[in-house]
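Have a look at the structure below, then the notes.
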Amino acid sequence: MKHITIIEDDIGLNNGIALALKQEDITFFQLYRLGDFQPSEPTDLIILDINLPDGNGFDFLRKIRQNSDVPVIILTANDLETDEVTGLELGADDYITKPFSLMVLRARIDKVLKKSTALQITSIPMIPTLLILIKWSSTWMVHLLNSAKPNRSC
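When we follow the numbering used here, the leftmost residue of the sequence shown carries the number 12, and every step to the right adds one.
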């Protein structure tokens, strides 16, 4: 189950995103202010607006990046090149300007979640797995060598 947090003050847009992207394996936390965000709530992705009534999304992203690598997609009306560069430099995984296509948003969400999952899989410590494999291989090799010895009892 994936948990996506939407932080968007436009109630209609927030609801529309959650409705359009609804899937069996995705749960949405719909927030309308930065102050509603609870870092203790599990989230696999944050969709973040920049212009919010109680703060700036860039400041929020800067704060999030101090403690977390949770993927963030910025979804905003700020279409200046400098804003996009700022968002990406602060650690956003993607930057989408309004108006936007829901199909494109879905594709970008899927891409970011797949990348995030791949990073989690590749970060699994490999040493215990290698030790098990080596132990199994050496046991198998000893067995193979013992069974290949000629029978000299004759």
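Here a beta-carbon is modelled for each residue, glycine too, at the ideal position from N, C-alpha and C.
All of these numbers come straight from a predicted model, not from anything done at the bench.
If you drop the 5 nearest sequence neighbours on each side, which residues of the same chain put their C-beta closer than 6 angstroms to that of residue i?
{"i": "residue 107", "result": "86"}
{"i": "residue 47", "result": "none"}
{"i": "residue 22", "result": "none"}
{"i": "residue 58", "result": "17, 84 and 86"}
Starting from residue i and walking both ways along the alpha helix (DSSP H), at which residues does that stretch end?
{"i": "residue 48", "result": "Looking at the DSSP string, residue 48 is not in any alpha helix (DSSP H), and its letter there is neither H nor E."}
{"i": "residue 99", "result": "92-100"}
{"i": "residue 25", "result": "22-31"}
So residue i and residue j are in contact, right, with Cβ under 8 angstroms, and what is the actual spacing, rounded?
{"i": "residue 60", "j": "residue 66", "result": "Going by Cβ atoms, the distance from residue 60 to residue 66 rounds to 11 angstroms, so no, they are not a contact pair."}
{"i": "residue 113", "j": "residue 29", "result": "About 11 angstroms; that fails the 8 angstroms criterion."}
{"i": "residue 13", "j": "residue 70", "result": "Not really, about 26 angstroms apart at Cβ, beyond 8 angstroms."}
{"i": "residue 88", "j": "residue 109", "result": "5 angstroms"}
{"i": "residue 40", "j": "residue 52", "result": "6 angstroms"}
Once you ignore the five residues that flank residue i on each side, which residues in its own chain have a CB closer than 8 angstroms to its CB?
{"i": "residue 76", "result": "101 and 102"}
{"i": "residue 135", "result": "For residue 135, the predicted structure reports a pLDDT of 43, less than 50, and the residue's modelled location is therefore unreliable. A value from the coordinates is still provided. Cβ within range, chain order: n/a, list empty."}
{"i": "residue 82", "result": "55, 56, 57, 104, 123, 124, 126 and 127"}
{"i": "residue 33", "result": "39"}
Once the 5 residues before and after residue i are set aside, which same chain residues still bring their CB inside 7 angstroms of it?
{"i": "residue 64", "result": "20 and 44"}
{"i": "residue 119", "result": "84, 105 and 107"}
{"i": "residue 25", "result": "17, 19, 41 and 43"}
{"i": "residue 99", "result": "106"}
{"i": "residue 90", "result": "108"}
How would you write the range of the beta strand (DSSP E) that residue i sits in, first residue to last?
{"i": "residue 81", "result": "That residue, residue 81, is in no beta strand (DSSP E); it is neither H nor E in DSSP."}
{"i": "residue 42", "result": "37-42"}
{"i": "residue 56", "result": "56-59"}
{"i": "residue 105", "result": "105-108"}
Using alpha carbons as the reference points, say which of the options lies closest to residue i.
{"i": "residue 123", "options": "27, 110 and 80", "result": "80"}
{"i": "residue 36", "options": "15, 50 and 49", "result": "15"}
{"i": "residue 50", "options": "34, 78 and 62", "result": "78"}
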